[in-house]
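Novice: Take this structure first; my questions come after.
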Amino acid sequence: MGVQDLTVIADRGYFKSEEILACHEAGISALVPKCKTSGAKAAGRFDKADFIYDAENNEYRCPAGKSLIWRSSRVEQGLNLHRYWSSTCQPCHIKAQCTPSPARRVTRWEHEAVLETMQTRLDKAPDSMRIRRQTVEHPFGTLKAWMGATHFLTKQLKNVSTEMSLHVLAYNMKRVINIMGQSAMIEAIRA
0 MGVQDLTVIA DRGYFKSEEI LACHEAGISA LVPKCKTSGA KAAGRFDKAD FIYDAENNEY
60 RCPAGKSLIW RSSRVEQGLN LHRYWSSTCQ PCHIKAQCTP SPARRVTRWE HEAVLETMQT
120 RLDKAPDSMR IRRQTVEHPF GTLKAWMGAT HFLTKQLKNV STEMSLHVLA YNMKRVINIM
180 GQSAMIEAIR A
């Protein structure tokens, strides 16, 4: 694309740790909000975000100021995960706000720092998701309107893929004509 720095913005549905790591390794700045799946936050308890990671000591600090230390590691769905917890949860005065279990456990992916860096970037660019909706949703809305109520006229993935590709090609050509003009587009095609 001829650019030195590339930033990609996607919505929650595209959040996947491994893909964000791949973007980071390729030098691409990704902005993808995390999925809100915490049952703790919904129940009014502390979320993982309320626990502060201390990289120097490889431990978490809970809202009560106690340390959750590294206890074990395991591979789950191809991800190397580390588990942290404290032995001092039972007498804690705010345990009810933390966990109904005997101890609060926090899981950390080995590349969690990449996700934390991305979250910091996202926090510094609060308008990015609004901009994404304005630039991405419009083409899909236009294509959907063009396709009508039936959407795809074909069946089977290869046929639907071809039909969608033709819709996208038509949309892109129409955009180029609107931006450059018909004669400039024809000249560019001939070149």
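Residue numbers (numbering that gives the first Met the number 0): 0 to 190. We treat Cβ as the ideally placed atom computed from N, Cα and C, and that holds for glycine. Computed from a predicted model, the values in this text were never measured in an experiment.
1. Isoleucine 19 and leucine 5 - do their beta-carbons sit closer together than 8 Å?
2. If we call anything under 8 Å between Cβ atoms a contact, is glutamate 109 one with asparagine 79?
3. Ignoring anything shorter than 4 residues, give me the alpha helix (DSSP H) runs that lie fully in the stretch 50–114, in order along the chain.
4. Less than 8 Å between the CB atoms is what I'm expecting for phenylalanine 45 and cysteine 97, so what's the real figure, rounded?
5. From this set, Ile176, Glu17, Asp10, which residue's C-alpha is nearest glycine 77's C-alpha?
6. Give a yes or no on contact between the stretch 56–71 and the stretch 115–132, applying the rule of three or more CB pairs nearer than 8 Å.
7. Spell out the partners DSSP gives isoleucine 178 in its beta bridges.
8. Whole angstroms is fine: what's the gap from glutamate 189's alpha carbon to alanine 183's?
9. Where isoleucine 10 and histidine 137 are concerned, what is the direct C-alpha to C-alpha distance, given to the nearest angstrom?
10. According to DSSP, serine 160 sits in a beta bridge with which residue or residues?
11. Suppose you measure from the CA of cysteine 88 to the CA of serine 160; what does that come to, to the nearest Å?
12. Can you check whether the CB of proline 32 is closer than 8 Å to the CB of aspartate 49?
13. Would DSSP call serine 198 helix, strand or coil?
14. Note the first and the last residue of the continuous alpha helix (DSSP H) segment covering leucine 152.
15. Measure from the C-beta of arginine 131 to each C-beta in chain B and report whether the shortest distance is under 8 Å.
16. For a test of the three-state rule: what should DSSP assign to valine 2, helix, strand or coil?
17. Return the CA-CA distance between methionine 128 and aspartate 53, expressed in angstroms with no decimal places.
18. State the Cα-Cα distance for the pair leucine 168 and lysine 65, rounded to the nearest angstrom.
Specialist: Answer, in terms of the structure:
1. Taking 8 Å as the cut-off, the beta carbon of leucine 5 is found no closer than this to the beta carbon of isoleucine 19.
2. Yes; because the gap between Cβ atoms is below 8 Å, this pair is in contact.
3. Whole alpha helix (DSSP H) segments, 4+ residues: zero.
4. Confirmed, Cβ separation roughly 5 Å.
5. Considering only alpha carbons, the answer is Glu17.
6. The stretch 56–71 is not in contact with the stretch 115–132.
7. Beta-bridge partners of isoleucine 178 (DSSP): none assigned.
8. According to the sequence shown, residue 189 is arginine rather than glutamate. About 10 Å.
9. One detail in the question is off: residue 10 reads as aspartate in this sequence, not isoleucine. In a straight line, the C-alpha of aspartate 10 is about 15 Å away from that of histidine 137.
10. DSSP output for serine 160 lists no bridge partner at all.
11. The straight-line gap from Cα to Cα measures roughly 54 Å.
12. Cβ distance not < 8 Å, so aspartate 49 and proline 32 don't count as in contact.
13. The chain is shown from 0 up to 190; residue 198 falls before or after that span and cannot be answered.
14. Segment: none, leucine 152 is in no alpha helix (DSSP H) and carries neither H nor E.
15. Judged by its chain identifiers, the structure shown contains no chain B, having just a single protein chain.
16. The three-state reading of DSSP puts valine 2 in coil, since its state is none of H, G, I, E or B.
17. Rounded to whole angstroms, methionine 128 to aspartate 53 spans 29 Å at the Cα level.
18. Roughly 57 Å between the two C-alpha positions.
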